[in-house]
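Chemist: Here's a structure for you.
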Amino acid sequence: MPENSRPKTLKVAIVALSAAFAATLIPQAASAQDVSVLAVSHKSPFNCGKTFYANNWTGTPAHNPSGSIDWQNYGSDVINGETVRATAAGTAYFYDAGSTSYGKWVEIRHSDGTRTRYAHLATQVKGAGSSMSVSQGTQIGTVGSTGGSDAPHLHYEQRTSGGGMDTSPTVEGTTVSLGQKKAITSTNGCGGGNPHTAEEVCGSGYAVIDSAALTGGRTYLLYNAGNGDNCVATLKTTNLSTASAMSAFLEPQGESRATDSGSYQYYAGPVRRDAAGQCVKWGGSIGSSTYTSGFEHCD
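Residues -32 to -1, 1 to 267 (mature numbering (1 follows the signal peptide of the UniProt record, and there is no 0)) make up the sequence shown, in order.
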């Protein structure tokens, strides 16, 4: 996609959603009297060091809602498939609008009542209807082109505590006002964060399909649609570079469990098993904090 192209996002306007869908998934916009401001400081929604254009475009066709950002390719950095991370801490809620509107999308509600939205995702770390607590930098999905999107990009919104749009959102200390397009480099996860990701640990072709919080980190379940394999990796977020006890395991239903455990600096795993069409039990541990799923993800 040319750098100056403008994908026609949200072909089916949000306002055209059914009343039932809008009532359950899309909070109503605030009135003109809503003048609350965004107080949370936001990082870029991408991995440390990644640079992408933040395009707050106007014109024809109109961007809906006005004031939202389309994150797009920058130079040799191609956005399709990129990891999407929380720009600030809060509680993430996962939705799927199917082939219309946002497609697969996430709303994060922050401690001051403000919200951010991340739309047209290819994958999400939780299924629609789920929620989880996230820190700044927690992975929530990957960039795609689901819903009313013509090309892979990330549709991103910052909303006030009353639900209204902030039409000049600020990311990484850079304000992107209506009509502006700025290249922004991510510092999300920089400065002592875990330099590894679950996708990197498991390898090419794997995407996160679920995750669970542990004290001091998170354990991830990934799937490779190309070969039908699942993979589990457990990553630290604290006590980095110091070896300590941690583990990752994966158990296809009816088969033996595979486990990687030891004293590691950054992660345990990868643990890979062929599980196409099978339910799996998965999880991991960091110190005394453990997570074990039931048998699930049976597709």
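Cβ atoms here follow ideal geometry from the backbone N, Cα and C, with glycine treated the same way.
Go through its chain and collect everything with a Cβ distance to T19's Cβ below 6 Å, but skip five positions before and after it.
Modeler: The answer, listed in chain order, is Y42, D45, A151, T153.
Chemist: For S231, is the classification buried or exposed, using 16 other Cβ atoms within 10 angstroms of its Cβ as the cut-off for buried?
Modeler: Burial call: exposed.
Chemist: Going along the chain, which residues of its own chain have a beta-carbon closer than 6 Å to the beta-carbon of T84, five neighbours each way excluded?
Modeler: For T84, where only same-chain residues beyond five positions count, the Cβ hits under 6 Å are T55, I76, Q126.
Chemist: Comparing C-alpha positions only, which one of N195, Y174, T183, L182 sits nearest to L189?
Modeler: The residue with the shortest Cα to Cα distance from L189 is Y174.
Chemist: Tell me where the alpha helix (DSSP H) around C170 begins and ends.
Modeler: Where C170 is concerned, the enclosing alpha helix (DSSP H) stretches over 166 to 170.
Chemist: In this structure, how does DSSP classify W25 when only helix, strand and coil are distinguished?
Modeler: If DSSP states are grouped into helix, strand and coil, W25 belongs with coil.
Chemist: Can you give me the Cβ contacts of A211 inside the same chain, cut-off strictly under 7 Å, excluding the 5 residues immediately before and after it?
Modeler: So the qualifying residues of the chain are S231, Y232, Q233.
Chemist: Buried or exposed for A30, please, with buried defined as at least 16 other CB atoms from any protein chain shown within 10 angstroms of its CB.
Modeler: Answer is exposed; the Cβ neighbour count stays below 16.
Chemist: Return the chain-ordered list of same chain residues with a C-beta closer than 6 Å to the C-beta of D197, the five sequence neighbours on each side being excluded.
Modeler: Closer than 6 Å at the Cβ level, and outside the excluded window around D197, lie R240, D242.
Chemist: Kindly list the residues whose CB is nearer than 8 Å to the CB of N156, restricted to its own chain and excluding five residues on each side of it in sequence; keep chain order.
Modeler: If we look at N156 and ignore the five residues flanking it on each side, its Cβ neighbours are K11, S12, P13, F14, N15, C16, R53, T55, Q104, G105.
Chemist: Does the contact criterion of 3 or more C-beta pairs under 8 Å hold for the segment 174 to 186 versus the segment 248 to 259?
Modeler: In short, these stretches touch, since the Cβ pair count reaches three.
Chemist: For C158, name the three-state secondary structure that DSSP assigns.
Modeler: In the structure shown, C158 sits in coil (DSSP, three-state: anything other than H, G, I, E or B).
Chemist: Would you mind giving the Cβ-Cβ distance between residue 277 and D80, rounded to the nearest angstrom? I have them listed as a contact below 8 Å.
Modeler: The structure shown does not extend to residue 277, since the chain is modelled only from -32 through 267, so no value can be given for it.
Chemist: Determine the DSSP secondary structure at G238, reduced to helix, strand or coil.
Modeler: Note that residue 238 is Pro in the sequence shown, not Gly. P238: strand per DSSP, three-state reduction.
Chemist: Taking the straight line between their C-alpha atoms, what separation do you get for T142 and W25?
Modeler: Straight-line Cα distance between these residues: approximately 16 Å.
Chemist: Could you give the distance in angstroms between the alpha-carbon of T227 and the alpha-carbon of K72?
Modeler: So the two alpha carbons sit approximately 32 Å from each other.
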